[in-house]
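Residue numbers (full-length UniProt numbering): 1 to 339.
Glycine included, C-beta positions come from ideal geometry on N, C-alpha and C.
Since the structure is predicted, the reported quantities are computational estimates derived from the model, not experimental observations.
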């Protein structure tokens with residue numbers, strides 16, 4: 001058992017490949033086996049159940065009335081070779097085609113869709129964790145790592161394996177930022193050869209320099225692909241979308257600053273600019289009503305991506321924002337920082 005809660009969190013992140021921020025809870029006998037926050041690992045007994053509560057999901061769920069958090073999972077602490085997981089929710093019954101039947105959902109049930117893969121929930125982590133690669137690539141790496149530890153033999157990855165590794169690393173990097181800095185790419189390369197020492201390069205001083213250059217090239221290729229499909233955070237910097245007089249690749253690059261996570265997300269699934277503009281117009285009326293903070297907050301969250309595209313792409317004056325988004329300047333929204 002780890003000596004501290006932070007060490008336990010790190011081991012859980014490593015074992016299950018988690019990247020989101022979370023806290024841990026355990027069943028306290030003194031409170032009728034209710035889950036309470038874990039403050040010390042000494043509170044955990046053998047085969048106790050530890051509950052993982054994702055912080056970002058918890059905040060989002062608590063801000064929308066009637067929706068319960070659906071992002072927690074419970075993991076019994078068993079032997080190192082055994083791992084189990086369960087979700088604290090009632091599984092709906094399935095129909096003959098294997099889909100949830102309508103009768104299995106009560107009137108109070110709410111179906112919560114998974115967030116868009118384009119949305120980010122956390123910034124660059126303090127410790128970068130190498131993702132799991134494709135099954136075949138993982139098998140090759142495990143065998144090569146074992147041979148490296150036994151004989152010191154370095155692996156010369158075939159093109160297919162190198163491509164799988166770079167694809168997985170680039171996709172994982174893009175979960176945190178579309179514009180990784182040089183130091184962030186280097187950190188990812190260092191961790192890669194640390195986790196998979198068989199990938200260290202012959203003759204290289206630190207063993208990761210070549211992987212750093214590979215990752216830089218792969219990230220650049222990702223930018224090109226995402227720009228072609230209209231990925232907002234990348235396409236906003238394409239030459240055709242720049243203002244007159246700024247038709248240069250390095251001119252007025254719009255990218256997240258420090259602590260900005262969900263910089264320029266796509267519109268929610270099923271929504272259009274017209275439908276979200278209607279929501280904005282409705283907000284002008286809702287914000288004038290008394291004791292209507294919950295409705296205003298819900299609509300502000302719904303129109304977040306639409307508002308961000310307006311702010312980032314059009315760079316409006318503050319006076320224009322006040323006229324179009326008066327709710328943005330209320331006390332609750334300023335504190336919530338939905339700008």
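Extent of the continuous beta strand (DSSP E) to which residue i belongs
i          : result
residue 28 : 22–28
residue 49 : 49–54
Sheet register partners of residue i (DSSP bridge)
i          : result
residue 34 : 28
Delimiting residues of the alpha helix (DSSP H) encompassing residue i
i           : result
residue 222 : 209–228
residue 157 : Taken as a continuous stretch (DSSP letters only), residue 157 belongs to no alpha helix (DSSP H), as it is neither H nor E.
residue 308 : 304–314
residue 10  : 5–16
residue 319 : 318–324
residue 148 : 135–151
residue 344 : What is shown of the chain runs 1 to 339, which leaves residue 344 out entirely.
residue 43  : Taken as a continuous stretch (DSSP letters only), residue 43 belongs to no alpha helix (DSSP H), as it is neither H nor E.
residue 281 : 273–286
Integer Cβ distance of residue i from residue j, believed to fall under 8 Å
i           : j           : result
residue 38  : residue 26  : 5 Å
residue 316 : residue 287 : With 8 Å as the limit, residue 316 and residue 287 do not qualify as a contact, their Cβ atoms being about 18 Å apart.
residue 282 : residue 297 : With 8 Å as the limit, residue 282 and residue 297 do not qualify as a contact, their Cβ atoms being about 14 Å apart.
residue 165 : residue 137 : 6 Å
residue 44  : residue 23  : Not really, about 14 Å apart at Cβ, beyond 8 Å.
residue 192 : residue 169 : 7 Å
residue 48  : residue 36  : About 12 Å; that fails the 8 Å criterion.
residue 303 : residue 279 : 5 Å
residue 293 : residue 319 : So it is not a contact: roughly 24 Å between Cβ atoms.
residue 196 : residue 141 : 5 Å
residue 284 : residue 276 : Contact doesn't hold; Cβ gap of about 14 Å is too wide.
residue 198 : residue 144 : 4 Å
residue 148 : residue 187 : About 22 Å; that fails the 8 Å criterion.
residue 12  : residue 52  : 7 Å
Notebook entry, point to check: Pairing CB atoms from the region 170–188 with CB atoms from the region 150–159, are three or more of them under 8 Å?
Noted result: no
Checklist line | Contact between the region 126–138 and the region 7–21 (3+ Cβ pairs under 8 Å) | finding: yes
Notebook entry, point to check: Quick one: any contact between the region 209–225 and the region 139–154, if contact means 3 or more CB pairs under 8 Å?
Noted result: no
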